[in-house]
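Asks: Using the numbering used here, read the sequence shown as starting at 1 and increasing by one per residue.
Glycine is no exception: its CB is placed at the ideal position from the N, C-alpha and C atoms.
Before I ask anything, here is the structure I am working with.
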Amino acid sequence: MIGNLNPNNIMTTSFFTECDILITGGIGFIGSTIALRLVQQGARVTIIDSQIPEFGGNPFNISGLEKKIQLNLSDIRDSQKMQDLVQGKDYLFNLAAQTSHMDSLQDPLTDLDINCRGQVTVLEACRQANPDITIVFTSTRQIYGKPRYLPVDEQHLVQPVDPNGITKAAGEWYHLFYDHVHGIKTSILRLTNTYGPRMRIRDARQNFLGWWVHLVLQGHPIDVWGGSQLRDFTYIDDVVDALMLAASNKSAYGQIFNVGGEEPVSLKSLAELLIQVNGEGRYFLREYPQDRKRIDIGDYYTDYSKITKCLNWKPTVPLEEGLTRTLDYFRQYKDHYL
Numbered sequence: 001m002i003g004n005l006n007p008n009n010i011m012t013t014s015f016f017t018e019c020d021i022l023i024t025g026g027i028g029f030i031g032s033t034i035a036l037r038l039v040q041q042g043a044r045v046t047i048i049d050s051q052i053p054e055f056g057g058n059p060f061n062i063s064g065l066e067k068k069i070q071l072n073l074s075d076i077r078d079s080q081k082m083q084d085l086v087q088g089k090d091y092l093f094n095l096a097a098q099t100s101h102m103d104s105l106q107d108p109l110t111d112l113d114i115n116c117r118g119q120v121t122v123l124e125a126c127r128q129a130n131p132d133i134t135i136v137f138t139s140t141r142q143i144y145g146k147p148r149y150l151p152v153d154e155q156h157l158v159q160p161v162d163p164n165g166i167t168k169a170a171g172e173w174y175h176l177f178y179d180h181v182h183g184i185k186t187s188i189l190r191l192t193n194t195y196g197p198r199m200r201i202r203d204a205r206q207n208f209l210g211w212w213v214h215l216v217l218q219g220h221p222i223d224v225w226g227g228s229q230l231r232d233f234t235y236i237d238d239v240v241d242a243l244m245l246a247a248s249n250k251s252a253y254g255q256i257f258n259v260g261g262e263e264p265v266s267l268k269s270l271a272e273l274l275i276q277v278n279g280e281g282r283y284f285l286r287e288y289p290q291d292r293k294r295i296d297i298g299d300y301y302t303d304y305s306k307i308t309k310c311l312n313w314k315p316t317v318p319l320e321e322g323l324t325r326t327l328d329y330f331r332q333y334k335d336h337y338l
């Protein structure tokens with residue numbers, strides 16, 4: 001099962017052919033999708049994933065690739081394993097992380113351990129065993145907190161509202177430190193509401209839109225908290241394009257880029273569009289839960305003009321088309337994700 005890759009993506013060349021590539025968190029949503037794209041380009045791909053149940057790893061995400069990739073079931077906090085794995089690699093897509101904001105509130109020490117100690121372990125392995133490697137690190141728009149202005153550009157104040165945003169911001173600084181001081185070529189992408197095939201939909205730990213997809217596929221109503229908040233959404237193929245462009249362009253090294261969607265949409269309008277694309281469903285507007293009001297950021301949407309200017313990236317998949325592709329995928333394979 002290898003399909004559902006975008007044939008019209010902007011990375012149509014064979015830049016990564018015969019390259020040796022390591023992907024951390026490679027059985028997860030984004031990691032598995034970029035692995036598929038890289039295999040298609042003729043790269044030699046190694047994946048590391050801890051397969052911690054609460055995280056996004058799903059073996060079905062790489063179904064059909066078992067003989068085309070090397071899979072290592074390990075943890076990025078294992079320093080010896082990481083030193084072994086980074087040796088000889090040309091590129092590292094560093095995606096492994098604890099990404100649940102609510103989990104970080106309940107268990108901030110695990111969040112700290114994975115997102116800080118884990119990232120330093122990866123970077124130290126590169127410094128000691130392969131300082132010539134090129135790294136792309138995925139961060140999150142959550143580090144900005146409640147926006148002071150819109151759209152949010154890279155110059156916006158970093159003011160996280162939860163432990164996960166704090167540790168992801170620290171992960172950025174560790175990567176920038178190893179770039180500036182140790183000369184390890186690194187770029188950072190701050191992703192915004194990535195969605196699409198292979199995302200986690202069994203619960204709302206990682207992505208509320210994934211949970212909404214779960215609900216409409218099961219015939220259950222969607223609870224929309226608030227409803228007026230504006231968000232932008234980035235389809236997975238566009239995110240993979242951004243990752244590959246950042247890895248393959250020297251102008252990206254040492255830089256931070258926002259990656260976002262074309263136009264913001266209210267959560268109420270998003271629910272309506274999802275139900276329209278699905279062909280049936282319903283939603284209810286609910287008051288925002290008290291336990292989440294503390295970390296609600298209100299409206300947020302991204303200014304991605306920097307990555308457009310530097311790397312010629314921009315989103316290409318409209319929201320309606322992306323939702324259609326997403327629902328089509330999960331209708332076909334939902335038994336592996338629900």
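Roughly how many angstroms lie between the CA atoms of histidine 175 and alanine 247, to the nearest whole one?
Replies: Translated into the one-based positions of the sequence shown, residue 175 becomes position 175. Translated into the one-based positions of the sequence shown, residue 247 becomes position 247. Near 14 Å, if we compare the C-alpha coordinates of alanine 247 and histidine 175.
Asks: Which one of Gln87, Tyr144, Tyr329 and His180 has the shortest CA to CA distance from aspartate 296?
Replies: Position 296 of the sequence shown, counted from the start, is the residue given in the question as residue 296. Of the candidates Gln87, Tyr144, Tyr329 and His180, the one whose C-alpha sits nearest the C-alpha of aspartate 296 is Tyr144.
Asks: Would the segment 132 to 150 and the segment 87 to 107 be scored as touching if the rule is three or more Cβ pairs under 8 Å?
Replies: Enough Cβ pairs lie closer than 8 Å, so yes.
Asks: Tell me the residue span of the beta strand (DSSP E) that contains leucine 22.
Replies: Residue 22 sits at position 22 when you count from the first residue of the sequence shown. 20 to 24 is the extent of the beta strand (DSSP E) around leucine 22.
Asks: Determine the closest residue to leucine 311 out of Ser251, Thr324 and Arg325, with distance taken between C-alpha atoms.
Replies: Taking the first residue of the sequence shown as 1, we reach residue 311 at position 311. Among Ser251, Thr324 and Arg325, the Cα nearest to that of leucine 311 is on Ser251.
Asks: DSSP three-state call for isoleucine 10: helix, strand or coil?
Replies: Working through the sequence shown from its first residue, we reach residue 10 at position 10. In this prediction, isoleucine 10 has a pLDDT of 46, which is less than 50 and means its spatial position is unreliable; what the coordinates show is noted afterwards. DSSP places isoleucine 10 in coil when its eight states are reduced to three.
Asks: For the segment 221 to 238 against the segment 152 to 163, are there 3 or more C-beta pairs whose distance is under 8 Å?
Replies: Touching, no.
Asks: Measuring only from the beta carbon, is lysine 334 closer than 7 Å to any heavy atom that is part of the ligand PLP?
Replies: The ligand PLP is not among the ligands present in this structure, which contains no ligands whatsoever.
Asks: Count the C-beta pairs between the segment 166 to 184 and the segment 317 to 330 that are closer than 8 Å, then say yes if the count reaches three, no if not.
Replies: Segments in contact, no.
Asks: From Ile275, Thr24 and Asn193, pick the residue whose C-alpha is nearest to that of lysine 89; which is it?
Replies: Translated into the one-based positions of the sequence shown, residue 89 becomes position 89. The shortest C-alpha separation from lysine 89 is found at Thr24.
Asks: Assuming the contact rule is C-beta atoms closer than 8 Å, leucine 191 and valine 239 should be a hit. Round their C-beta distance to whole Å, please.
Replies: Position 191 of the sequence shown, counted from the first residue, corresponds to residue 191. Position 239 of the sequence shown, counted from the first residue, corresponds to residue 239. So it is a contact: roughly 6 Å between Cβ atoms.
Asks: Mapping DSSP to helix, strand and coil, what is serine 251?
Replies: If you number the sequence shown from 1, residue 251 lands on position 251. Note: serine 251 maps to helix in three-state DSSP.
Asks: Could you check whether glycine 64 and glycine 28 sit closer than 8 Å to each other, using their CB atoms as the reference points?
Replies: By 1-based counting over the sequence shown, the position of residue 28 is 28. By 1-based counting over the sequence shown, the position of residue 64 is 64. The answer is no: Cβ separation not under 8 Å.
Asks: With a CB to CB cut of under 7 Å and the five nearest residues on each side skipped, what residues in its chain are close to asparagine 278?
Replies: As a position in the sequence shown, residue 278 is number 278, starting the count at 1. For asparagine 278, where only same-chain residues beyond five positions count, the Cβ hits under 7 Å are Val216 and Leu327.
Asks: DSSP three-state call for tryptophan 173: helix, strand or coil?
Replies: Here residue 173 refers to the residue found at position 173 of the sequence shown. Looking at tryptophan 173 - three-state DSSP - the assignment turns out to be helix.
Asks: Using 8 Å as the threshold, is the C-beta distance between threonine 167 and cysteine 126 below it?
Replies: Along the sequence shown, one-based indexing puts residue 167 at 167. Along the sequence shown, one-based indexing puts residue 126 at 126. Cβ distance not < 8 Å, so threonine 167 and cysteine 126 don't count as in contact.
Asks: Curious, which full-length alpha helix (DSSP H) runs of at least 4 residues does the segment 69 to 153 contain?
Replies: Qualifying alpha helix (DSSP H) stretches, in chain order: 79 to 86, 101 to 106, 108 to 112 and 118 to 129.
Asks: On a CA-only basis, which of Asp179, Asp113 and Arg200 is nearest proline 163? Give me that one, please.
Replies: One-based indexing of the sequence shown puts residue 163 at position 163. When each option's Cα is compared against that of proline 163, the closest is Asp113.
Asks: Less than 8 Å separating the beta-carbons of proline 188 and valine 259?
Replies: The residue given as residue 188 occupies position 188 in the sequence shown. The residue given as residue 259 occupies position 259 in the sequence shown. Reading off the sequence, residue 188 comes out as isoleucine, not proline. Their beta carbons are not under 8 Å apart, which means isoleucine 188 does not touch valine 259 by this criterion.
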